[in-house]
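Peer 1: After the structure tokens below, expect a handful of questions from me.
Residue numbers (UniProt numbering): 1 to 331.
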């Protein structure tokens with residue numbers, strides 16, 4: 001008896017074609033179209049499909065991700081061996097990470113996409129979907145949380161990021177590398193599954209009430225002040241180096257914390273993450289921590305924003321919030 005594979009489509013380049021020769025691509029394919037384009041899937045499993053949305057990934061909402069999560073849970077509870085979610089690559093790492101925070105089943109949940117639209121010669125869409133299916137059906141993939149599979153590489157959702165706007169090998173896990181590969185028609189992992197933090201309860205399907213800003217050269221704090229004035233519940237700042245901001249911005253952040261705003265500083269560097277006690281000048285990680293600012297560790301600002309959103313919706317606050325953030329900041 002064949003295993004059951006569930007496939008949920010969420011748009012993106014993998015679902016895009018040109019409406020006319022020479023025209024720019026638009027999302028036009030649904031889950032049925034994508035599966036029909038990879039006949040080998042029928043040799044692997046009985047395939048169940050749904051189309052959550054057909055959007056470019058910059059327009060994906062939390063509600064769309066929660067709909068995919070609910071459907072994926074229902075499929076594995078009804079006997080599916082694994083789930084594949086197809087998605088645009090622009091925000092794929094964010095959707096994958098949000099799903100990873102919430103995924104509470106041992107069955108593999110694999111997110112994939114494509115860098116070349118479906119109607120181009122040399123499109124990577126069919127190969128990526130087939131590779132993702134092989135991983136989702138692999139016993140060795142169980143218990144690893146959400147995985148990202150493109151270009152025959154297998155990455156953990158918590159580590160992966162998109163590095164290139166055009167290259168086929170755009171996804172990488174800086175400082176770590178992939179946890180496995182698809183080779184000779186099977187998933188191969190370098191090591192057993194690692195322990196994962198307990199899954200968190202899903203947030204409500206509303207807007208993310210956590211702002212994300214960057215702290216660039218010569219930052220005088222005006223952008224942060226404007227964002228805070230907009231009424232956001234919390235703020236993530238992509239700082240430089242080990243989690244640094246300008247002296248002016250550090251004063252704005254300290255005032256925000258004193259006023260009850262949750263502030264997290266991440267590092268905009270690809271590797272290394274934030275520190276805690278290397279530097280002690282105004283705007284350094286040590287001074288910010290002393291002022292009550294939290295550090296994102298090895299999480300990018302984009303992922304720290306989503307984690308903070310989920311934690312706040314789950315009722316975390318104060319020391320409990322800081323501990324939960326720190327536990328998940330080590331990826």
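A virtual CB, placed ideally from N, CA and C, is assigned to each residue, including glycine.
Taking the C-alpha atoms as reference points, what is the distance between residue 326 and residue 276?
Peer 2: Position 326 of the chain shown, counted from the first residue, corresponds to residue 326. Position 276 of the chain shown, counted from the first residue, corresponds to residue 276. If I take the Cα positions, the gap works out to 12 Å.
Peer 1: Fully enclosed by the stretch 41-68, which alpha helix (DSSP H) runs are 4 residues long or longer?
Peer 2: Listed in chain order, the complete alpha helix (DSSP H) runs (minimum 4 residues) inside the stretch 41-68 are 41-44.
Peer 1: Residues in the same chain with beta-carbon distance under 7 Å from residue 181, minus the five sequence neighbours each way, listed in chain order, please.
Peer 2: Numbered from 1 along the chain shown, position 181 holds the residue referred to as residue 181. Once the five neighbours on either side are set aside, the close Cβ partners of residue 181 are 152, 153, 154, 188.
Peer 1: Tell me where the beta strand (DSSP E) around residue 334 begins and ends.
Peer 2: What the structure shows of the chain is the stretch from 1 to 331, and residue 334 is not part of that stretch, so it cannot be assessed.
Peer 1: If you drop the 5 nearest sequence neighbours on each side, which residues of the same chain put their C-beta closer than 7 Å to that of residue 26?
Peer 2: Numbered from 1 along the chain shown, position 26 holds the residue referred to as residue 26. The residues are 16, 19.
Peer 1: Which complete beta strand (DSSP E) runs does the UniProt domain "Asparaginase/glutaminase C-terminal" (210-323) hold, if anything under 3 residues is left out?
Peer 2: Segments of the beta strand (DSSP E) lying fully in the UniProt domain "Asparaginase/glutaminase C-terminal" (210-323): 210-214, 234-239, 262-267.
Peer 1: Where do the N-terminal and C-terminal ends of the alpha helix (DSSP H) with residue 118 fall, by residue?
Peer 2: For the purposes of this step, residue 118 is identified with residue 118 of the chain shown, where counting begins at 1. From DSSP, residue 118 is part of no alpha helix (DSSP H); its letter is neither H nor E.
Peer 1: What does a CB cutoff of less than 8 Å around residue 213 pick up in its chain, not counting 5 residues either side in sequence?
Peer 2: As a position in the chain shown, residue 213 is number 213, starting the count at 1. Here the set comprises 223, 224, 227, 235, 236, 237, 238.
Peer 1: With a threshold of 8 Å, are at least 3 pairs of Cβ atoms found where one atom belongs to the stretch 104-113 and the other to the stretch 73-87?
Peer 2: Contact holds: three or more Cβ-Cβ distances are below 8 Å.
Peer 1: Identify, in the order they occur along the chain, each residue of the same chain with its Cβ nearer than 6 Å to the Cβ of residue 263, setting aside the five sequence neighbours on each side.
Peer 2: Along the chain shown, read from residue 1 onward, the residue named residue 263 stands at position 263. Correct list, in chain order: 235, 253, 256, 257, 293.
Peer 1: If you draw a straight line from the C-alpha of residue 146 to the C-alpha of residue 24, how long is it?
Peer 2: Indexing the chain shown from 1 puts residue 146 at position 146. Indexing the chain shown from 1 puts residue 24 at position 24. Answer to the nearest angstrom: the Cα atoms are 32 Å apart.
Peer 1: Rounded to whole angstroms, what's the CA-CA distance from residue 34 to residue 205? Just pull it up for me.
Peer 2: If you number the chain shown from 1, residue 34 lands on position 34. If you number the chain shown from 1, residue 205 lands on position 205. The alpha-carbon atoms of residue 34 and residue 205 are separated by roughly 27 Å.
Peer 1: Does the structure place the stretch 126-135 close enough to the stretch 90-102 that three or more beta carbon pairs sit under 8 Å?
Peer 2: Counting Cβ pairs under 8 Å, fewer than three are found: no touch.
Peer 1: Spatial neighbours of residue 51 within its chain, please: CB distance less than 6 Å, with the 5 preceding and 5 following residues excluded, ordered by chain position.
Peer 2: What you label residue 51 is simply residue 51 of the chain shown in a count that begins at 1. Within the same chain, residue 51 has close Cβ partners 9, 30, 31.
Peer 1: Take residue 218 as the anchor and find which of 247, 229, 195, 243 has the nearest alpha-carbon.
Peer 2: Here residue 218 refers to the residue found at position 218 when the chain shown is read from its first residue. The option with the nearest alpha carbon to residue 218 is 247.
Peer 1: Taking DSSP as the reference, what is the three-state secondary structure of residue 159?
Peer 2: Position 159 of the chain shown, counting from 1, holds the residue named residue 159. Note: residue 159 maps to coil in three-state DSSP.
Peer 1: According to DSSP, is residue 133 helix, strand or coil?
Peer 2: Position 133 of the chain shown, counted from the first residue, corresponds to residue 133. Helix at residue 133.
Peer 1: If residue 244 and residue 284 are in contact, beta carbons under 8 Å, what's the gap, nearest whole angstrom?
Peer 2: Along the chain shown, one-based indexing puts residue 244 at 244. Along the chain shown, one-based indexing puts residue 284 at 284. Confirmed, about 6 Å.
Peer 1: Our contact map puts residue 160 next to residue 308 with C-beta atoms below 8 Å; I'd like the distance itself, whole angstroms only.
Peer 2: For the purposes of this step, residue 160 is identified with residue 160 of the chain shown, where counting begins at 1. For the purposes of this step, residue 308 is identified with residue 308 of the chain shown, where counting begins at 1. Their Cβ separation, rounded to whole angstroms, is 19 Å, which puts residue 160 and residue 308 out of contact at 8 Å.
Peer 1: In the DSSP output, what is residue 7 paired with across the bridge?
Peer 2: Along the chain shown, read from residue 1 onward, the residue named residue 7 stands at position 7. Paired residue(s): 49, 84.
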